[in-house]
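Sequential numbering of the sequence shown, starting at 1, is according to UniProt numbering. Accompanying notes for the structure given below.
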Amino acid sequence: MADRPPPSEGEISQVIDFAGLDPLDDRSMVIEALKETGCNVEAVVMQYFDNPESFRKRFTEPWNQSMYTTDGDGAANNTGISFHIESANNNSNVIQGLTPPTEPYGPTAPSRPPSRSNNISPLGRMLEWARDDEPSMTLPPMLPSREDEDMRRALRESAQEAGIGIGLMDQQSGIMDTSTSAPAAFGPANRNDYDQGEWAMIRSGPSDPRVAKAPAPSLRRRTSEAPAFLVQGVNTVGKHGLGGLLTVLHEIPLARNALLSIGSPAALYGHNSEWWNGQEILPQEAMAQRYAGEEFQWDQVDNLKPDTEEEIHRLMAFLDSTERSYGTVSVLTDVIPYASTGPEKQLYEYLGHRNEETLRPLISTVLISPVFGDVVDSEEARFGLLELEHNREDYMCITTLYEAIDHTLWSDAFSLTGLHQGSKMAMLKNMSDVLAFKLNGEGPAQSINIPEKLYLERYQTSRKDEARRIQLAWCETKMAIARIAKEEMKAHEWRNDWNDMAYDRKQMVERAMEQWQVYHQYLETLGRFGQMEASGFDTDKYPDYRMAPFLKPELDADSKFQVVEDVLELTSRMLADMDARLKKHHAELEQIKAKQRFLGQLLTQPNKPGRPQPMTCKELLLRGVVTQSDVVYVCQRAEPDLIQLESEPQPVDQWWRLAYRLDDNEPVKTEKTEVEQVLRQVWDETKVPLLIYATETALGAAPTPLPLPLQQFASADNEAFQAELAQESADMLTAHNTDTGTGTNTTGLPPIDTVSPSKRKHRADSVGSLDSNRAELGSDDGQTGFDNPFEDDGSASTITMMAFPGTPAETWQDEEMAGMEQGQGR
Numbered sequence: 001m002a003d004r005p006p007p008s009e010g011e012i013s014q015v016i017d018f019a020g021l022d023p024l025d026d027r028s029m030v031i032e033a034l035k036e037t038g039c040n041v042e043a044v045v046m047q048y049f050d051n052p053e054s055f056r057k058r059f060t061e062p063w064n065q066s067m068y069t070t071d072g073d074g075a076a077n078n079t080g081i082s083f084h085i086e087s088a089n090n091n092s093n094v095i096q097g098l099t100p101p102t103e104p105y106g107p108t109a110p111s112r113p114p115s116r117s118n119n120i121s122p123l124g125r126m127l128e129w130a131r132d133d134e135p136s137m138t139l140p141p142m143l144p145s146r147e148d149e150d151m152r153r154a155l156r157e158s159a160q161e162a163g164i165g166i167g168l169m170d171q172q173s174g175i176m177d178t179s180t181s182a183p184a185a186f187g188p189a190n191r192n193d194y195d196q197g198e199w200a201m202i203r204s205g206p207s208d209p210r211v212a213k214a215p216a217p218s219l220r221r222r223t224s225e226a227p228a229f230l231v232q233g234v235n236t237v238g239k240h241g242l243g244g245l246l247t248v249l250h251e252i253p254l255a256r257n258a259l260l261s262i263g264s265p266a267a268l269y270g271h272n273s274e275w276w277n278g279q280e281i282l283p284q285e286a287m288a289q290r291y292a293g294e295e296f297q298w299d300q301v302d303n304l305k306p307d308t309e310e311e312i313h314r315l316m317a318f319l320d321s322t323e324r325s326y327g328t329v330s331v332l333t334d335v336i337p338y339a340s341t342g343p344e345k346q347l348y349e350y351l352g353h354r355n356e357e358t359l360r361p362l363i364s365t366v367l368i369s370p371v372f373g374d375v376v377d378s379e380e381a382r383f384g385l386l387e388l389e390h391n392r393e394d395y396m397c398i399t400t401l402y403e404a405i406d407h408t409l410w411s412d413a414f415s416l417t418g419l420h421q422g423s424k425m426a427m428l429k430n431m432s433d434v435l436a437f438k439l440n441g442e443g444p445a446q447s448i449n450i451p452e453k454l455y456l457e458r459y460q461t462s463r464k465d466e467a468r469r470i471q472l473a474w475c476e477t478k479m480a481i482a483r484i485a486k487e488e489m490k491a492h493e494w495r496n497d498w499n500d501m502a503y504d505r506k507q508m509v510e511r512a513m514e515q516w517q518v519y520h521q522y523l524e525t526l527g528r529f530g531q532m533e534a535s536g537f538d539t540d541k542y543p544d545y546r547m548a549p550f551l552k553p554e555l556d557a558d559s560k561f562q563v564v565e566d567v568l569e570l571t572s573r574m575l576a577d578m579d580a581r582l583k584k585h586h587a588e589l590e591q592i593k594a595k596q597r598f599l600g601q602l603l604t605q606p607n608k609p610g611r612p613q614p615m616t617c618k619e620l621l622l623r624g625v626v627t628q629s630d631v632v633y634v635c636q637r638a639e640p641d642l643i644q645l646e647s648e649p650q651p652v653d654q655w656w657r658l659a660y661r662l663d664d665n666e667p668v669k670t671e672k673t674e675v676e677q678v679l680r681q682v683w684d685e686t687k688v689p690l691l692i693y694a695t696e697t698a699l700g701a702a703p704t705p706l707p708l709p710l711q712q713f714a715s716a717d718n719e720a721f722q723a724e725l726a727q728e729s730a731d732m733l734t735a736h737n738t739d740t741g742t743g744t745n746t747t748g749l750p751p752i753d754t755v756s757p758s759k760r761k762h763r764a765d766s767v768g769s770l771d772s773n774r775a776e777l778g779s780d781d782g783q784t785g786f787d788n789p790f791e792d793d794g795s796a797s798t799i800t801m802m803a804f805p806g807t808p809a810e811t812w813q814d815e816e817m818a819g820m821e822q823g824q825g826r
């Protein structure tokens with residue numbers, strides 16, 4: 001390759017002049033830059049203005065070899081070795097609370113670079129799952145569970161007792177063990193094979209990566225009147241508002257009833273003392289197969305996961321009668337397909353196809369039809385949650401929720417091409433009694449107006465003509481804004497014909513004015529100095545030459561002073577003209593924005609006088625605002641005051657702010673608030689809130705009682721929580737006694753809560769005992785949360801099932817075995 005010619009002096013001078021560089025110190029840097037760009041002056045100048053610091057560092061600093069002698073974290077490598085080996089189990093960068101992804105190549109390096117064909121889009125994943133009838137379908141991985149970890153730990157301990165090398169259990173890929181010992185065969189662990197005294201309970205809950213670190217039980221107790229709520233918990237899909245969405249839907253009776261009716265009711269919902277915090281409860285069939293040691297076939301993978309509808313049943317029962325302040329939706333997030341694309345919307349998508357009739361109160365239907373013409377029925381689409389995703393620039397024209405919906409349902413009207421014969425629009429064919437809207441993307445820079453009452457009249461099929469006219473008016477405003485923006489650019493931009501570079505016209509004029517003002521000052525000073533010289537430099541008369549009078553020279557066409565004044569007058573007129581144009585453009589923009597605000601308010605007031613056709617849409621009331629930071633604002637409908645006899649009792653609504661912050665001194669905060677504060681404070685929490693609206697019909701529906709299995713599930717979870725409170729009190733008492741050296745002094749300590757304690761016990765006495773059967777049918781921690789009726793502790797305990805109002809409560813009593821002539825049953 002021939003050497004590039006050196007840059008000429010003219011090219012070097014042009015770069016130095018345009019960039020304002022030092023002719024001496026920066027000369028070598030400019031020469032190097034011109035050599036690399038083939039003496040392209042424009043490219044060098046653009047590179048400099050893009051990033052001056054990087055430009056100087058690139059063309060002035062010597063070669064830096066240190067970047068090739070550091071490890072992956074930037075630390076110096078002084079050993080002289082030019083490569084770095086990472087540990088196979090290097091988890092130093094793992095974020096706490098998130099499960100790290102499985103390494104695709106194990107501990108060894110890949111044999112070739114990764115292929116981009118492996119990055120499958122969401123649509124590609126949907127197509128792959130749709131081909132479930134092909135024999136080449138890959139078996140999805142088994143769901144991780146705590147039983148698997150317990151099994152691995154039991155195998156390791158058994159191997160140690162049997163004298164088998166631990167290296168076999170922890171063997172890494174690519175390493176062969178030289179031991180020739182025969183492999184050990186492990187069968188089911190029966191009670192007869194173990195000494196009764198060697199049985200012990202092992203608490204493995206905190207080691208589960210899916211279980212979030214929780215505050216002390218006393219900090220998680222539900223306060224009086226405050227509703228319970230659901231938070232994200234540990235998940236792999238990022239921040240979301242699924243828990244807040246279900247919390248708000250639970251406070252709408254019609255939505256709660258619908259969610260309790262989806263799927264088939266279960267005979268037993270199982271129990272897990274850590275379910276509220278993210279541990280799963282597997283189906284009974286999966287637990288039975290696992291205990292029987294049966295292998296799972298590829299078509300039985302879905303049976304290994306908790307049932308989605310049953311999990312929602314549990315969450316609704318939990319919100320009904322829990323004594324905890326909050327729970328998590330980690331398990332539900334894991335079982336929703338494609339939750340990484342947004343678990344809130346995917347919940348509607350997944351349940352809507354499986355429970356279309358049951359979820360009709362939560363699903364709306366829209367028609368996609370042409371804007372022009374009288375054709376109404378065309379394509380149909382259903383949604384329960386409408387995602388409003390707009391660019392930050394779009395929010396220059398979006399100030400209300402109505403306008404955000406306009407830009408979504410009438411997207412063709414706001415496109416760059418505007419409306420044409422092929423443009424389409426969405427109209428509401430059937431509006432549900434519960435609707436959710438979610439802002440996506442970056443959200444507005446500040447905020448938008450969220451109405452407390454929402455009327456979707458303009459989107460009805462009967463209002464197609466009005467909707468068309470509103471869209472045409474919106475198009476006019478968009479075109480006017482584009483025209484003004486183009487005029488502003490033309491008025492304020494100046495392009496150099498020589499290199500086609502754009503400059504700000506106003507800045508250039510102001511810079512020229514400053515320069516010619518210096519010339520003007522110089523000539524004026526020169527004239528004063530001339531007067532000083534004419535006086536013979538009489539310092540008594542003029543102590544300072546600047547005090548000498550200025551005699552304006554006779555002005556003629558060739559006078560330098562005249563030229564300077566003419567230039568200054570011209571620049572002043574140019575600046576005044578640009579300011580006048582700018583004010584004119586701003587005034588036009590204000591008029592256009594006022595027209596847009598008027599368009600956004602059309603058909604949003606139900607009782608506006610003079611309207612030829614009355615509004616027929618439903619009135620939607622704001623019932624909740626959800627954020628992605630475990631803060632939810634929910635409106636709770638209070639019970640009507642039945643003492644009022646003169647008139648019908650009016651519904652009373654109470655807004656609550658429910659927040660969970662693990663790193664706060666008070667991790668759980670529940671406080672009453674007002675709707676005005678909600679609409680103002682939500683924008684401090686998030687720029688993309690999730691809004692839930694409901695009709696009075698949905699709010700006035702009668703709540704259906706919980707089925708007995710769900711009552712038992714909720715009661716068992718409350719018993720487990722009481723046991724946590726009792727354990728916390730016992731730990732505080734032990735710590736106090738240890739610090740003070742006393743045995744029974746409890747002065748200043750809170751009383752130990754002994755209501756329905758859940759006692760720890762061994763699985764003993766009978767192989768077919770009730771506790772064992774209950775654990776095998778649905779519990780993956782082996783505990784039931786109930787007292788052992790056969791434990792001889794010299795006392796009687798009472799366990800009460802908390803029933804739904806209107807359902808008789810069931811009470812079971814455990815009494816001492818001594819002196820009783822017949823056994824007790826549950």
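For glycine and all other residues, C-beta sits at the position ideal for the given N, C-alpha and C.
* Just the C-alpha distance for GLY10 and ILE31, rounded to the nearest angstrom, thanks. => Taking the first residue of the sequence shown as position 1, residue 10 is located at position 10. Taking the first residue of the sequence shown as position 1, residue 31 is located at position 31. If you take the alpha carbons of GLY10 and ILE31, they lie about 12 Å apart.
* State the DSSP-derived secondary structure class of VAL626, mapped to helix, strand or coil. => Taking the first residue of the sequence shown as 1, we reach residue 626 at position 626. It is a strand residue.
* **Same chain, Cβ closer than 7 Å to LYS584, neighbours up to 5 away in sequence not counted** => Counting from 1 along the sequence shown, the entry for residue 584 is found at position 584. Answer for LYS584: no residue qualifies.
* Please classify ALA381: does DSSP put it in a helix, a strand, or coil? => Taking the sequence shown and counting its residues from 1, the one referred to as residue 381 is at position 381. DSSP places ALA381 in strand when its eight states are reduced to three.
* Taking the CB atoms as reference points, tell me whether ILE363 and SER432 lie closer together than 7 Å. => The sequence position of residue 363 within the sequence shown is 363, counting from 1. The sequence position of residue 432 within the sequence shown is 432, counting from 1. Yes, these two residues count as a Cβ contact at 7 Å.
* Can VAL632 and LEU662 be called in contact, C-beta distance under 7 Å? -> On the sequence shown, residue 632 is found 632 positions in, with the first residue counted as 1. On the sequence shown, residue 662 is found 662 positions in, with the first residue counted as 1. Going by C-beta atoms, VAL632 is not nearer than 7 Å to LEU662.
* To do: Just mark MET508 as buried or exposed, buried being the case when its beta carbon has 16 or more other beta carbons within 10 Å.
  => Counting from one through the sequence shown, the residue named residue 508 turns up at place 508. The residue is exposed, with fewer than 16 neighbouring Cβ atoms inside 10 Å.
* Asked: The alpha helix (DSSP H) with ALA445 in it runs from where to where?
  -> Here residue 445 refers to the residue found at position 445 when the sequence shown is read from its first residue. Here ALA445 belongs to no alpha helix (DSSP H), and DSSP marks it neither H nor E.
* Leaving aside the five residues before and after LEU385 along the sequence, list all residues of the same chain whose C-beta is less than 7 Å from its C-beta, in chain order. => Walking along the sequence shown from the start, residue 385 turns up at place 385. Cβ within range, chain order: GLU344, LYS345, TYR348, ALA436, LYS438.
* Asked: What are the boundary residues of the beta strand (DSSP E) that LYS429 is part of?
  -> For this step, residue 429 is matched to residue 429 along the sequence shown. LYS429 -> beta strand (DSSP E) spans 424-430.
* Asked: Which residues in the same chain have their Cβ closer than 8 Å to the Cβ of THR728, if we skip the five residues on either side of it in sequence?
  -> Looking up residue 728 in the sequence shown gives position 728. Checking the sequence shown, residue 728 turns out to be Glu, not Thr. For GLU728, same chain residues with a beta-carbon under 8 Å away, outside a window of 5 residues either side, are ALA216, PRO217, SER218 in chain order.
* Asked: From ILE336 to LEU351, what distance separates their C-alpha atoms?
  -> Taking the first residue of the sequence shown as 1, we reach residue 336 at position 336. Taking the first residue of the sequence shown as 1, we reach residue 351 at position 351. Between ILE336 and LEU351, the C-alpha separation is close to 9 Å.
* Asked: On the three-state DSSP scale, how would you describe TRP276?
  -> Taking the sequence shown and counting its residues from 1, the one referred to as residue 276 is at position 276. Residue state, collapsed to three classes: helix.
* Count the CB pairs spanning the stretch 353-370 and the stretch 316-323 that are closer than 8 Å, and state whether there are at least three. => no
* To do: Give the secondary structure of residue 837 by DSSP, where H, G and I count as helix, E and B as strand, and everything else as coil.
  => Residue 837 is absent from the structure shown; the chain starts at 1 and stops at 826.
* In the DSSP assignment, what residue or residues form a beta bridge with SER364? -> Taking the sequence shown and counting its residues from 1, one reaches residue 364 at position 364. Answer is PHE383.
* Look at the alpha carbon of ALA723 and the alpha carbon of ARG314, and state the distance between them as a whole number of angstroms. => In the sequence shown, counting from the first residue as 1, residue 723 sits at position 723. In the sequence shown, counting from the first residue as 1, residue 314 sits at position 314. Going from the Cα of ALA723 to the Cα of ARG314 covers about 20 Å.
* Tell whether a beta-carbon distance below 7 Å holds between ARG324 and ARG220. => Within the sequence shown, numbered from 1, the residue matching residue 324 stands at position 324. Within the sequence shown, numbered from 1, the residue matching residue 220 stands at position 220. Yes.
* Asked: By Cβ distance below 6 Å, which residues in the same chain neighbour ARG382 in space, the five residues on each side in sequence not counted?
  -> Taking the first residue of the sequence shown as position 1, residue 382 is located at position 382. ILE363, THR365, listed in sequence order.
* **Cβ separation of ASP406 and SER423, assumed to be a contact under 8 Å, to the nearest whole Å** => Against the sequence shown, residue 406 aligns to sequence position 406. Against the sequence shown, residue 423 aligns to sequence position 423. That pair is no contact at about 14 Å.
* For ILE450, which residues of its own chain have a beta-carbon under 6 Å away from its beta-carbon, when the five flanking residues on both sides are left out? -> Taking the first residue of the sequence shown as position 1, residue 450 is located at position 450. Excluding residues within five positions, the ones whose Cβ falls inside 6 Å are LEU401, LEU679.
* Do three or more CB pairs link the stretch 483-494 to the stretch 454-471 at distances below 8 Å? -> no
* Who pairs with TYR326 in a beta bridge, going by DSSP? -> Working through the sequence shown from its first residue, we reach residue 326 at position 326. Partner(s): PHE229.
* the stretch 618-627 / the stretch 663-683 touching (three or more Cβ pairs under 8 Å) -> yes
* Asked: Run through DSSP, which three-state label would TYR633 get?
  -> Indexing the sequence shown from 1 puts residue 633 at position 633. In the structure shown, TYR633 sits in a strand (DSSP, three-state: E or B).
* **Close-in-space but distant-in-sequence residues of the same chain around LEU419 (CB under 7 Å, 5 per side omitted)** => By 1-based counting over the sequence shown, the position of residue 419 is 419. Taken in chain order, the residues that qualify are VAL371, ASP412, ALA413, GLN471, LEU472, CYS475.
* alpha helix (DSSP H) segment containing ASP731, residue limits -> The count along the sequence shown starts at 1 and reaches residue 731 at position 731. Residues 708-740.
* If you follow the alpha helix (DSSP H) that LEU254 is part of, which residue opens it and which one closes it? -> To locate residue 254, count along the sequence shown from 1; it is residue 254. Where LEU254 is concerned, the enclosing alpha helix (DSSP H) stretches over 253-261.
* **C-alpha distance - SER330 paired with TRP275, whole-angstrom precision** => As a working mapping, residue 330 is identified with position 330 in the sequence shown. As a working mapping, residue 275 is identified with position 275 in the sequence shown. For SER330 and TRP275, the distance between alpha carbons rounds to 9 Å.
* Consult DSSP for ILE398 and reduce its assignment to one of helix, strand or coil. => Reading the sequence shown from its first residue, position 398 is the one you call residue 398. If DSSP states are grouped into helix, strand and coil, ILE398 belongs with coil.
* Asked: Roughly how many whole angstroms lie between the Cα atoms of ARG505 and ARG597?
  -> In the sequence shown, the residue the question calls residue 505 occupies position 505. In the sequence shown, the residue the question calls residue 597 occupies position 597. When rounded, the distance between both Cα atoms is 33 Å.
* To do: Identify the continuous beta strand (DSSP E) that holds TYR348 and give its terminal residues.
  => Counted from its first residue, the sequence shown places residue 348 at position 348. Here TYR348 belongs to no beta strand (DSSP E); instead the alpha helix (DSSP H) covers 343-354.
* Thinking C-beta only, is ILE592 closer than 7 Å to ALA480? -> Residue 480 sits at position 480 when you count from the first residue of the sequence shown. Residue 592 sits at position 592 when you count from the first residue of the sequence shown. Contact: yes.
* Asked: Got a sec? Which residues, its chain only, sit under 6 Å from VAL231 by beta carbon, not counting five neighbours each side?
  -> Locating residue 231 in the sequence shown gives position 231, where the first residue counts as 1. GLY243, TYR326, THR328, ASP630, TYR660.
* Below 7 Å between beta carbons: does that hold for ALA339 and VAL237? -> Residue mapping note: residue 339 aligns to position 339 of the sequence shown, counting from 1. Residue mapping note: residue 237 aligns to position 237 of the sequence shown, counting from 1. Result yes, Cβ atoms of ALA339 and VAL237 sit closer than 7 Å.
* Name, in chain order, the residues that DSSP records as bridge partners for PHE437. => Mapped onto the sequence shown, residue 437 falls at position 437. LEU386, LEU691.
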